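Since the structure comes first, as structure tokens, the remarks are kept for the end.
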Amino acid sequence: MKSILFRKPAALMLTGFRMVSSLTTSINLKDPTLLRAPSVTFHRESLQVFDPAASEKEINDGSAVIALVEAMDRKDAKKSIQKASDAFAKFRFQTTALDRSAMLTKWSNLISDNADDLAKIMTLESGKPLRESIGEVKYGTSFIDFYAGEAIRSTSTGGGTILPSPFASVDGSPRGKVMAIQQPVGVVAMITPWNFPLAMITRKVAPALAAGCTVVLKPSELTPLTAIAIKHLAMQAGIPDDVFQLVIADTETTPDVGEEFCKNKIVKKISFTGSTAVGKLLMKMSSDDVKRLSLELGGNAPFIIFDDADMDQAVNAAISSKFRNSGQTCVCADRFLIHEDIEQEFIHRLCEKVKEFKIGHGLKEETTMGPLIQAKAAVEVKRKVDEAIEEGAECVIGGDMALDLGPNFFQPTILRNVDQSSSIWKTETFGPVVAISTFRNEEDAVNRANDSPLGLASYFCTKDLARILRVSEQLENGLVGVNEGVISTASAPFGGVKESGLGREGSTIGIAEYTETKYIYLNP
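Residue numbering for the sequence shown follows UniProt numbering, starting at 1 and increasing by one per position.
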């Protein structure tokens, strides 16, 4: 793993290591070694890690840069893949399911023990409020815990089957056995996003290791520090260095690293979370040797509120779905379809809640909503909001960047009468914007909810049990939340349909994604 430099490296130099420290005194870590990495020769300029909540002044004076991480390139990725291949045979055959389960359990415990430090690191590099970062640590370890158990359960209940042969011998007695076994796919290349820099790693890595695979993972260039920290803890937990490796790439080297993942024949599977456009590109590049793919791609989730909904429940679900991580989640609600008879009441109650938001730096205790990840993200949200207003939408609250806080901040925004042809309705919006349109009947609501090439998540609120069953089946999405805005859990399958991806993460299906089924006919 590459080395890291901090703002004042001279005072932090250790023999053979360089260490990351904090931009501000509030990031002082209980265990500074979490951000320590072996020093190696630089291939190129360092990757700068920025605090998204930095003010314009901090950006101008350079203090928005919280760390310098050495960027890796395609050659590094190729070497890491080869190391993972060499390690696979040993890890696959020389560790038992109990061994792998014990490693994962220890990794989870170490992450939990370092929750405060990890949350601070996440908040500094992703911008999310500290309370959300602490929640992500718990969410992330839930996947490790689940797959620590699944490593054992899958060998006893789902590891294979043995059945009598359907073929008969000359004397009429069964003459053999039909066997089906599960085996690890091999070396897995993973690419994870910045919006959940810890949980998206554990959700992928834990089932892969439980199955006996080895992993080469490229975290987002915007949030590499969390990945470095939990990789450090993985090694402390006894997970061999070559079994779980990181490739830290910058904006320039990321495309080449991604191409190496796709073109290298040693890699047997790719797991990617990110945009639909990049997912399609990875599919094309990895088609030559028909790699297995797990793709968790974009969403544009509808949120339907029927006229019989519990209004308090609906408002709370809408807030938790839309404004978590400042609206920067692939499953957050984007398109709100409200029954015309209750639109005014819903908007009034939602506005009252939104007015209570405290926007600011995520390390401040009172903050409930942080910045967007980059200034260009805030500019794009502003463009879409302005376009919607020009096309007839009414801005009820918000609607602008919060430049007094910093260039990455955007006000929580509610738009009504949104034209369904506008980009803010037709495309995913990674920002704190509620786009509202009304409907008159159930059929209209469902048809409009399904009018999208994407199909990751959807939500609706109603008290009618028959409607719950009916609409849940009719919605064209991989995930459906009923009277609830946050529904992901380790024991449930997570993934989309249509252009929102392939495969599932979480649940027993999640470990099956990293195995191959082999049929053996045995004639003793």
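Every residue, glycine too, gets a C-beta built ideally from N, C-alpha and C.
It should be emphasised that the depicted structure is a prediction, and the values quoted were computed from it without experimental measurement.
Secondary structure at Asp334: strand, using DSSP grouped into helix, strand and coil. In this chain, the alpha helix (DSSP H) harbouring Pro255 covers 254 to 263.
Among the bridge pairs identified by DSSP, Tyr459 is matched with Phe303, Gly481. Each residue's CA atom was taken as its position, placing Gly478 and Asn60 some 44 Å apart.
DSSP, reduced to helix, strand and coil, places Gly140 within a helical segment of the structure shown. For Gln236, the CB contacts under 7 Å within the same chain, skipping 5 residues up- and downstream, are Leu110 in chain order. Between Pro302 and Arg335, the C-beta spacing is below 8 Å. For Ala180, DSSP records a beta bridge to Thr161, Tyr519.
Of the residues assessed, Gln420 falls on the exposed side of the cut-off, its CB having fewer than 16 other CB atoms within 10 angstroms.
In the structure shown, His232 adopts helical secondary structure according to DSSP, grouped into three states. In this structure, Tyr139 keeps its C-beta atom at 8 Å or more from the C-beta atom of Ala229. The Cβ atoms of Gly431 and Ala377 sit closer than 8 Å to each other. One Cα belongs to Met72, the other to Ile248, and the distance between them is close to 5 Å. If you keep only unbroken beta strand (DSSP E) runs of at least 3 residues inside the region 412 to 455, you get 413 to 416, 433 to 439. Closest in alpha carbon position to Ile319, among Lys355, Val290, Asp464, Phe306, is Lys355.
Taking a cut-off of 8 Å on C-beta distances, the region 102 to 119 does not touch the region 455 to 471, as fewer than three cross pairs fall below it. The criterion of a C-beta distance shorter than 8 Å is satisfied by Gly496 and Glu296. Straight through space, the alpha carbons of Leu372 and Pro407 are spaced by roughly 9 Å.
In terms of Cα proximity to Ile121, the closest of Gln82, Ile66, Asp86 is Ile66. When Cβ pairs closer than 8 Å are counted between the two stretches, the region 91 to 101 is seen not to touch the region 278 to 290, the count staying below three. In this structure, the CA atom of Pro240 is about 52 Å from the CA atom of Ala388.
In the three-state scheme derived from DSSP, where H, G and I count as helix and E and B as strand, Gln245 is classed as strand. For Leu350, DSSP records no beta bridge to any residue.
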